[in-house]
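Shown next, in structure tokens, is the structure this report addresses.
Chains as they are written, first to last, in this note's numbering: chain A, 1 to 331; chain B, 1 to 331.
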């Protein structure tokens with residue numbers, strides 16, 4: 001274990017905070033970029049993030065905090081992005097430092113709205129980062145349980161096994177088990193799609209469907225996810241591994257998931273706009289639905305659940321009628 | 001749809017009551033055997049089962065209720081057993097009527113303790129019922145949600161497609177979707193094994209593991225279930241279909257599951273005896289664990305979760321230590 005790996009985390013939300021917490025279990029110093037200077041000042045003074053995971057104690061002496069993204073990119077070799085996908089291009093537009101020679105990890109679980117790409121592909125195509133220098137950090141993992149130091153399992157995906165292993169070493173601890181895989185495309189799509197299925201679970205709950213239906217929905221969702229990912233990146237993978245099925249379940253069954261909450265409001269009759277306003281948070285599943293729908297149209301995957309969510313969110317279809325139709329397509 | 005199919009249900013519990021409710025949506029008369037004569041009198045007078053699913057209205061005029069098992073077997077062609085597996089042989093020992101020429105459906109989801117067989121195999125070996133006349137009714141389905149008429153999906157397994165279809169017709173309604181399969185062995189083992197995994201989920205919860213771990217446990221459980229069932233009955237099946245994965249999830253994520261409650265008490269430090277005493281109900285998973293462990297030893301399947309539950313329930317191992325070991329075998 002090399003305590004001197006030069007890793008920086010980008011983002012100030014709960015998942016970014018959880019990743020920082022995991023890293024400082026192992027590393028001497030962790031770089032941490034966030035926009036909000038008041039938050040930085042608070043962390044420096046009080047050893048915790050005032051906005052997210054307040055209970056997670058973070059030794060500020062070992063944090064290299066900055067609101068200057070160029071400082072952070074220049075100084076660190078491995079960059080972990082944990083910014084909501086909707087803000088990613090805005091943040092990256094500030095860059096003057098080159099990303100070449102950097103290793104980029106996505107912990108975003110969303111699709112970049114401007115390009116419709118998953119984050120790894122976005123860095124690959126827009127910044128010419130070779131795919132071998134791109135990785136994914138995925139769950140199943142609620143940030144809140146990392147804060148509580150409850151045993152959690154992460155999957156690190158990278159085509160370069162050595163890079164994956166180093167990141168695994170930096171993250172693992174007595175409460176974090178890490179495994180590695182080379183399926184960067186599949187794990188990242190799984191992390192994106194599961195948010196759509198969490199929206200679907202929320203809509204179903206909002207409409208009054210019960211636990212029996214939820215289990216059927218999840219059983220169909222994992223089969224749909226398998227079909228979808230096979231179309232975008234065919235390789236041998238076990239869709240029931242934790243990075244795919246586990247991640248779907250931890251989100252689809254969570255009553256705290258933003259995506260599920262968003263769906264729940266839609267099911268209860270809120271318009272998309274009013275649900276978004278009410279939540280004042282970004283439900284990644286909302287953007288993911290549009291991109292995933294477009295991709296499945298291009299690739300020709302059979303995705304009745306994504307279709308139903310898309311029709312409700314983007315085509316103004318009635319949730320009740322749309323789900324009634326959906327129930328006849330599930331088994 | 002033949003309204004005159006001669007179907008009888010055996011058992012007075014919540015799942016038996018739910019099946020009766022589904023059947024009288026379609027059939028003119030449903031036979032219903034249960035031991036308790038007071039309960040029978042109450043149902044005749046009040047149109048509901050006083051002990052289980054009280055809210056489910058059951059038109060007593062269309063029920064042929066009796067506490068005489070021989071009367072019921074003689075009069076009906078298709079017999080659905082929904083008695084806890086621990087009581088099955090006791091009930092069957094009362095039989096003077098022959099079961100030959102009958103079609104037997106198991107809705108038991110347990111292993112017969114005296115023979116260590118799943119219910120279909122028990123009827124096949126002990127009563128010479130040909131496998132083609134044996135079927136399985138399986139979920140994912142909480143009886144409580146049937147009572148509430150919330151959309152639920154059943155799977156009917158029978159090697160004889162015609163028998164499966166007739167049973168599907170008798171059970172389906174505006175709130176029940178039914179599909180059929182010929183995998184009687186696999187669906188019945190899935191229904192048995194999921195109770196063990198629900199015990200495991202309960203133990204984990206009782207020990208303080210969180211939702212992140214639960215999703216990893218379920219992700220490993222479905223892979224373990226696939227390996228186990230493949231060893232006992234190799235055929236082409238999609239383990240992510242509702243009858244397998246859906247059934248696992250509806251039980252493993254249910255806080256009302258008896259098996260999960262039983263496991264939870266074990267995790268919290270109750271002895272097996274005191275947990276059983278406290279519950280005053282049979283947790284099918286308890287018996288299932290012993291039989292499944294024996295079968296996997298014979299067949300050589302890798303089943304770390306079943307092993308851990310077995311070691312705790314039958315070998316007096318400390319749940320905390322046993323689960324600590326288990327966490328290193330999961331991924």
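Every residue, glycine too, gets a C-beta built ideally from N, C-alpha and C.
Source: prediction; values computed, not measured.
Grab the span of the beta strand (DSSP E) containing residue 177 (chain A) for me, first residue to last. 176-181
Name, in chain order, the residues that DSSP records as bridge partners for residue 157 (chain A). A:136, A:181
In whole angstroms, give me the CA-to-CA distance for residue 263 (chain A) and residue 139 (chain B). 25 Å
Assign residue 8 (chain B) to one of three DSSP states: helix, strand, or coil. strand
Once DSSP output is grouped into helix, strand and coil, what is the label at residue 310 (chain B)? helix
Same chain, Cβ closer than 7 Å to residue 232 (chain B), neighbours up to 5 away in sequence not counted: 185, 189, 295, 299
Inter-residue spacing [alpha-carbon to alpha-carbon] between residue 7 (chain A) and residue 261 (chain B): 43 Å
Closer than 7 Å by C-beta to residue 340 (chain A): which residues in its own chain qualify, once you throw out the five before and the five after it? Chain order, please. Within the shown structure, residues of chain A are numbered from 1 to 331, placing residue 340 (chain A) beyond reach of any answer.
List, in order along the chain, the chain B residues whose C-beta lies closer than 8 Å to that of residue 14 (chain A)? Per Cβ cutoff of 8 Å: no residues; residue 14 (chain A) is ~14 Å from chain B at best.
Does DSSP put residue 118 (chain B) in a helix, a strand or coil? strand
In whole angstroms, what is the alpha-carbon distance linking residue 325 (chain A) and residue 55 (chain B)? 28 Å
Any idea what DSSP makes of residue 29 (chain A), helix, strand or coil? coil
Range covered by the beta strand (DSSP E) that runs through residue 104 (chain B): 103-106
Within a Cβ cutoff of 8 Å, which residues of the same chain sit near residue 131 (chain B), ignoring the five residues on either side of it in sequence? 120, 124, 159, 184
Coarse secondary structure for residue 23 (chain A), derived from DSSP in three states: helix
With a cut-off of 7 Å, does the C-beta of residue 140 (chain B) fall near any C-beta of chain A? yes
Please name the residue in A:327, A:101, A:149 whose C-alpha comes closest to that of residue 128 (chain A). A:101
Is it true that the stretch 105-112 of chain A meets the stretch 31-51 of chain A, where meeting means three or more beta-carbon pairs spaced less than 8 Å apart? no
Residue 53 (chain B) burial status per 10 Å Cβ neighbour count (16 or more: buried): buried
Amino acids of chain B, ordered along the chain, whose beta-carbon sits closer than 9 Å to that of residue 331 (chain A): 153, 155, 177, 179, 241, 242
Taking the beta strand (DSSP E) that residue 65 (chain B) belongs to, which residues open and close that run? 63-66
Please check if any C-beta of chain B sits within less than 7 Å of the C-beta of residue 145 (chain A). yes
What number of angstroms, rounded off, separates the C-alpha of residue 88 (chain A) from the C-alpha of residue 297 (chain A)? 25 Å
Any C-beta of chain B under 7 Å from that of residue 222 (chain A): yes
DSSP three-state call for residue 173 (chain A): helix, strand or coil? strand
From the beta carbon of residue 197 (chain A), is the nearest beta carbon of chain B less than 7 Å away? no
What would DSSP say about residue 228 (chain B), mapped onto helix, strand or coil? helix
By the 10 Å Cβ neighbour count, where 16 or more other Cβ atoms means buried, how is residue 249 (chain A) classified, buried or exposed? buried
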